[in-house]
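Enquirer: The structure's right below; bear with me while I get my questions together.
2 protein chains.
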Amino acid sequence: MRKEEDFSEWYAAVIDKAELRDKRYPIKGMDVWLPYGWSIMKRVEKAWREEFDATGHREVNFPLLIPETEFQKETEHVKGFEADVYWVTHGGRNPLDVRLVLRPTSETAMYPMFALWVRSHADLPLKVYQIVSTFRYETKMTRAFLRVREIHFFESHTAHATYEHAEQQIQEDLQINERLMRSFCLPYLVSKRPEWDKFPGAHFSLGADTLLPTGRALQVATFHHYKDNFARVYGVTYEDADGTRKYVHQTTDGMSERLIGGIIAIHGDEKGLVLPPEIAPVQVVIVPILEKGRQDEIHNAARELLELLKPHLRVHLDDRDLRPGEKFYHWEAKGVPIRVELGPRDLAKKEAVVVRRDTGEKRSLPAASLIHQLKSLLELIQVDMFSRAEKVLKEGIVAIASVDDARDGINKMGWCGRQECGLAVTERTGMSVLGTPYYPEPASGKCAVCGEPAKDVLYAAKAY
Amino acid sequence: MRKEEDFSEWYAAVIDKAELRDKRYPIKGMDVWLPYGWSIMKRVEKAWREEFDATGHREVNFPLLIPETEFQKETEHVKGFEADVYWVTHGGRNPLDVRLVLRPTSETAMYPMFALWVRSHADLPLKVYQIVSTFRYETKMTRAFLRVREIHFFESHTAHATYEHAEQQIQEDLQINERLMRSFCLPYLVSKRPEWDKFPGAHFSLGADTLLPTGRALQVATFHHYKDNFARVYGVTYEDADGTRKYVHQTTDGMSERLIGGIIAIHGDEKGLVLPPEIAPVQVVIVPILEKGRQDEIHNAARELLELLKPHLRVHLDDRDLRPGEKFYHWEAKGVPIRVELGPRDLAKKEAVVVRRDTGEKRSLPAASLIHQLKSLLELIQVDMFSRAEKVLKEGIVAIASVDDARDGINKMGWCGRQECGLAVTERTGMSVLGTPYYPEPASGKCAVCGEPAKDVLYAAKAY
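Chain order of the listed sequences is D and H. Residue numbering for the first sequence follows the working numbering, beginning at 2 and increasing consecutively. Residue numbering for the second sequence follows the working numbering, beginning at 2 and increasing consecutively.
Here you go:
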């Protein structure tokens with residue numbers, strides 16, 4: 002199956018072959034995470050936790066269910082979600098007095114509690130996060146990791162004394178995001194979403210988008226500045242140093258298993274997955290190359306190597322009774338960054354054959370310095386994978402003078418700044434407007450729609 | 002608040018003071034886990050994962066929702082749960098074609114997939130687990146950690162070729178349980194639940210019960226042998242070596258945050274929580290005792306001690322601008338096993354004052370050997386806490402000759418083996434029948450109900 006020829010089929014096949022999830026669960030868009038897929042997700046979660054713990058966020062866990070009465074308080078927010086939520090209407094055989102929503106996201110669950118937790122300026126900033134399932138009654142076509150109905154979601158929520166403090170939080174989030182995306186080898190572009198497509202209830206929304214080989218953009222992280230929009234609805238106020246009561250300003254940062262979908266789509270190849278070393282559950286797999294009469298010797302050497310490497314990296318010894326070729330195939334499909342082959346000739350020369358999953362490059366390395374060399378190689382693979390993907394993203398951003406020239410990739414165009422021209426982009430191309438560059442770029446030339454002088458730059462792409 | 006006088010009030014107050022959860026969330030029985038409570042839960046999860054990973058179980062993650070059509074296949078199972086489940090009936094504004102259940106437990110979600118995964122005897126045993134929320138529409142009074150509507154649940158599920166292999170799995174589960182309960186400092190009694198009170202769909206059920214200071218039993222773990230009951234319903238079969246198709250035999254092992262409720266109830270005291278060192282998020286807290294003019298010197302020494310201890314144990318330095326007494330109170334409420342006080346006199350003598358949370362014992366230890374001594378002390382506290390609780394459990398098991406003598410604690414009585422006498426125990430005492438001893442004990446004397454010769458031993462207690 003060639004990735005270039007039929008991406009959808011390739012994507013599904015790669016996921017099946019790597020045994021990430023089982024799609025035969027009897028609800029559309031809700032798959033079963035198989036052990037290997039789940040172990041990748043847990044490494045993604047670990048990366049999230051480390052970053053947000055290190056920046057003073059504290060992990061909490063809110064109930065899944067939200068009473069309709071709380072959910073409906075923020076009207077814009079509700080309007081944005083009410084077609085997409087699952088409703089719990091019965092407990093046992095009895096109808097519930099108040100219907101309950103499976104959280105589509107947690108603003109309406111959390112902020113009534115924030116109103117109780119925040120009393121004075123000394124309680125601010127309040128920075129929490131949780132890693133939970135959220136639910137959307139997705140009516141579009143679902144696709145593993147990219148568009149699902151049970152979402153494995155990371156969400157941080159913060160409250161601050163002022164608008165500016167909240168804006169600084171967004172800066173911190175973007176720095177965290179930069180580090181995380183390097184871990185995941187996912188290059189991205191940060192856009193300020195257009196007014197007409199921001200998150201329901203947000204003052205402004207930023208999106209980090211990456212580009213898949215299909216030429217479509219994939220949103221991998223979002224950042225919302227809520228100003229005091231939710232604070233006014235849920236009464237989240239604090240007593241300032243001067244004794245006056247003020248509304249807090251809030252932000253959120255959200256990510257999901259879409260990250261895994263992005264990694265699969267961008268880095269995978271005909272052989273299967275290619276995982277970034279930082280999130281690979283197995284970084285190095287050892288495959289003994291047996292020779293008649295010397296099985297024990299080679300097995301022992303492989304086990305010794307396993308014990309030697311174990312304290313330093315995530316290593317697995319494949320000592321199943323299979324031919325080496327079958328093992329190569331198996332671990333390539335699973336995207337393990339490095340394969341170490343150990344055969345009689347290698348043993349004799351006190352060497353090991355080391356094969357990179359990302360490039361296929363193969364070389365013999367002296368056994369004596371293997372730990373050190375493997376660690377360096379993992380770092381190199383990490384950097385190389387990001388750089389290659391970054392190059393592809395950059396090449397995929399195409400400047401167009403007229404909206405009629407829009408093509409696959411992320412289209413960059415001049416924009417007069419008027420909403421009607423922004424909406425026209427979508428009408429005439431079927432593309433989503435990703436927004437304006439968050440890190441400002443000088444506008445020049447003309448609006449790609451109306452031809453009047455451009456005041457800003459606009460990004461548009463087909464999107465997942 | 003004295004634990005002995007009003008346990009319920011004490012229990013709620015201790016939880017509030019330690020900031021484990023916030024009960025003001027607007028759904029009964031669904032509380033918000035606060036950061037400290039959640040960090041304890043994460044340590045419990047870590048202990049679960051380590052045990053089940055080490056015994057060849059693989060972690061998976063199934064969808065939350067189960068279609069009514071799958072849920073209703075095992076009729077006994079459904080009857081046991083249908084009054085207790087939450088029903089999702091609508092997606093957006095539209096009624097769903099097939100109603101969905103929020104999983105109360107995952108047999109009916111998992112076993113249709115097991116039917117796809119298991120093909121031949123080579124696929125067995127299949128051993129998986131997941132850590133997820135499960136839901137019960139609890140109509141009884143809810144209570145933090147002990148009886149909740151969103152349960153933080155651990156569940157392992159296995160499939161085996163034969164009845165005996167499944168029984169061996171139960172043995173492994175009991176060994177795992179023994180190690181876990183020692184980590185949690187929870188002594189327990191394993192009973193085979195009576196026929197009339199086994200898990201819906203089970204061939205037999207075992208329960209591990211501990212005893213709370215109220216004289217009531219608390220089930221902290223359950224183990225079910227399903228025989229081929231579910232396999233027949235969901236068609237989980239394998240091709241045996243002889244070419245015939247056979248049904249698998251299945252087991253599960255389940256635990257929840259009740260463990261935390263048990264730890265709070267059994268080990269807590271007037272000052273608050275007392276946490277077992279193995280699951281305490283903070284094992285040692287350092288409190289500097291400042292003296293005018295020497296603040297910097299003491300702060301520096303405290304920070305040095307922090308850095309020294311960090312690689313060896315979970316340590317926290319409380320350098321807030323508060324009086325030492327307030328800090329003592331704070332960390333005692335949170336149950337931190339050891340407090341280290343560092344003041345000018347200690348510094349002069351190259352010592353530190355070390356205080357045990359469980360006994361209050363206080364002594365000066367030489368700074369030079371502090372790491373070693375603290376590690377030993379944590380191990381000692383762990384053992385002491387278990388032993389003390391075990392003594393209380395043993396004393397709480399009371400032998401009675403007649404059911405009319407039943408009292409607080411776990412009542413141990415002779416039983417003729419007839420169901421009507423078992424049911425009479427509950428009718429006449431209001432107690433639950435925990436079952437017969439799993440590790441057989443010789444029966445002697447007479448049935449505590451009918452007076453005929455006893456064939457077995459029966460345990461009964463008021464239960465949570």
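Heads up, the beta-carbon is just placed ideally off N, CA and C, and yes, glycines get one too.
Could one say the Cβ of Pro105/H lies closer than 8 Å to chain D's Cβ atoms, at least one of them?
Expert: With 8 Å as the cut-off, Pro105/H does not count as an interface residue toward chain D.
Enquirer: Would Arg364/D be called buried (16 or more neighbouring beta carbons within 10 Å of its own) or exposed?
Expert: Burial call: exposed.
Enquirer: Look at the Cβ atom of Leu207/D, then the Cβ atom of Tyr439/D, and state whether they are nearer than 8 Å.
Expert: Against a cut-off of 8 Å, the Cβ pair of Tyr439/D and Leu207/D comes out as a contact.
Enquirer: Cutting at 8 Å between CB atoms, please list the residues of its own chain near Ala145/H, excluding the five before and the five after it.
Expert: Counting only Cβ-Cβ distances below 8 Å, and skipping sequence neighbours, we find Tyr12, Ala13, Ile16, Leu21, Arg22, Lys24, Asp32, Gly262.
Enquirer: Could you tell me the alpha carbon to alpha carbon distance between Glu298/H and Leu318/H, rounded to whole angstroms?
Expert: Roughly 15 Å between the two C-alpha positions.
Enquirer: Counting Cβ pairs, one atom from each stretch, are 3 or more of them under 8 Å apart for the stretch 186-204 of chain H and the stretch 151-159 of chain H?
Expert: No: fewer than three Cβ pairs fall under 8 Å.
Enquirer: Taking the alpha helix (DSSP H) that Lys395/D falls in, what are its first and last residues?
Expert: It spans 371-397 - the alpha helix (DSSP H) in which Lys395/D sits, taken as one unbroken run.
Enquirer: Taking 8 Å as the threshold (C-beta atoms), are Val341/D and Val285/D in contact?
Expert: Closer than 8 Å, so yes.
Enquirer: What separation, rounded to the nearest whole angstrom, lies between the Cα atoms of Val45/H and Arg150/D?
Expert: Rounded to whole angstroms, Val45/H to Arg150/D spans 29 Å at the Cα level.
Enquirer: What residues in the stretch 82-108 of chain D have a beta carbon less than 8 Å from any beta carbon of chain H?
Expert: Going along the stretch 82-108 of chain D in chain order, one finds Glu83, Ala84, Asp85, Val86, Tyr87, Trp88, Val89, Thr90, His91, Gly92, Gly93, Arg94, Leu101, Leu103 with a Cβ nearer than 8 Å to chain H.
Enquirer: Please confirm whether Glu151/D has its beta-carbon closer than 8 Å to some beta-carbon of chain H.
Expert: Yes, contact with chain H.
Enquirer: Nearest to Ile41/H by CA position, among Ala455/H, Arg315/H, Ile372/H, Arg429/H, is which residue?
Expert: Answer by Cα proximity: Arg315/H.
Enquirer: Within its chain, find whatever has a CB closer than 6 Å to the CB of Val450/H; leave out the 5 residues flanking it on each side and keep chain order.
Expert: The answer, listed in chain order, is Val404, Cys422, Ala425.
Enquirer: Quick check on this structure: which residue in Ile264/H, Gln170/H, Asn95/H has the alpha carbon closest to the alpha carbon of Asp359/H?
Expert: Considering only alpha carbons, the answer is Ile264/H.
Enquirer: Starting from Arg59/D, follow its DSSP beta bridges and name the residues at the other end.
Expert: Note: Arg59/D sits in a beta bridge opposite Val129/D.
Enquirer: At a CB distance below 9 Å, what residues from the stretch 234-266 of chain D approach chain H? Give them in sequence order.
Expert: Here the close residues number zero.
Enquirer: Pull up the distance between the alpha-carbon of Gly92/D and that of Lys47/D, whole angstroms please.
Expert: Looking at the two C-alpha atoms, the distance is approximately 35 Å.
Enquirer: Check the C-beta distance from Ser192/H over to Leu394/H and give it rounded, since I have them as a contact under 8 Å.
Expert: Going by Cβ atoms, the distance from Ser192/H to Leu394/H rounds to 13 Å, so no, they are not a contact pair.
Enquirer: Taking only the alpha-carbon atoms, compute the straight-line gap between Ile171/D and Tyr460/D and give it to the nearest angstrom.
Expert: C-alpha separation (whole angstroms): 21 Å.
Enquirer: Quick check on Glu305/D: does DSSP put it in helix, strand or coil?
Expert: Three-state result, Glu305/D: helix.
Enquirer: How would you write the range of the beta strand (DSSP E) that Ala416/D sits in, first residue to last?
Expert: The sequence shown places Trp at residue 416/D, not Ala. That run of the beta strand (DSSP E) goes 411-416.
Enquirer: Got a sec? Which residues, its chain only, sit under 8 Å from Gly431/H by beta carbon, not counting five neighbours each side?
Expert: Once the five neighbours on either side are set aside, the close Cβ partners of Gly431/H are Lys463.
Enquirer: DSSP puts Arg183/D in a beta bridge; with which residues?
Expert: None; Arg183/D has no bridge partner.
Enquirer: Measure the CB-CB distance between His58/D and Val129/D and report whether it falls below 8 Å.
Expert: The answer is yes: Cβ separation under 8 Å.
Enquirer: At what residue ranges does the stretch 222-273 of chain H contain a whole run of the alpha helix (DSSP H), taking only runs of 4 or more?
Expert: Here the runs fully enclosed are 230-235, 259-268.
Enquirer: For the stretch 11-39 of chain H, enumerate the residues whose C-beta is nearer than 8 Å to any C-beta of chain D, in chain order.
Expert: Flagged, chain order: Asp23, Arg25, Tyr26, Pro27, Ile28, Met31, Asp32, Val33, Trp34, Leu35, Pro36, Trp39.
Enquirer: Tell me whether Thr140/D is buried or exposed, calling it buried when 16 or more other Cβ atoms sit within 10 Å of its Cβ.
Expert: Thr140/D should be labelled exposed.
Enquirer: So, using beta-carbon positions, are Glu51/H and Gln131/H closer together than 8 Å?
Expert: Cβ atoms of Glu51/H and Gln131/H: not closer than 8 Å.
Enquirer: Along the chain, where does the alpha helix (DSSP H) that runs through Pro105/D open and close?
Expert: Where Pro105/D is concerned, there is no enclosing alpha helix (DSSP H), given that its DSSP letter is neither H nor E.
Enquirer: What is the residue span of the alpha helix (DSSP H) that Ala334/D lies within?
Expert: Ala334/D -> alpha helix (DSSP H) spans 325-334.
Enquirer: Which residues in chain D sit within 9 Å of Asn178/H, going by Cβ to Cβ distance?
Expert: Neighbours of Asn178/H on chain D: none; closest Cβ ~23 Å, over 9 Å.
Enquirer: Pick out whichever of Gln420/H, Lys80/H, Leu348/H, Tyr164/H has its Cα sitting closest to the Cα of Phe200/H.
Expert: Of Gln420/H, Lys80/H, Leu348/H, Tyr164/H, the residue nearest in Cα terms is Lys80/H.
Enquirer: Under 8 Å Cβ-Cβ, which residues of chain D neighbour Tyr138/H?
Expert: Gly92, Gly93, listed in chain order.
Enquirer: Between Arg304/H and the rest of its own chain, which residues show a CB-CB distance below 7 Å, the 5 nearest in sequence each way excluded?
Expert: Here the set comprises Leu318.
Enquirer: Identify each residue in the stretch 57-85 of chain D for which the Cβ-Cβ distance to at least one residue of chain A is less than 8 Å, and report them in chain order.
Expert: Of the protein chains in this structure, namely D and H, none is chain A.
Enquirer: Spell out the partners DSSP gives Tyr87/H in its beta bridges.
Expert: DSSP output for Tyr87/H lists Gly92/D as bridge partner(s).
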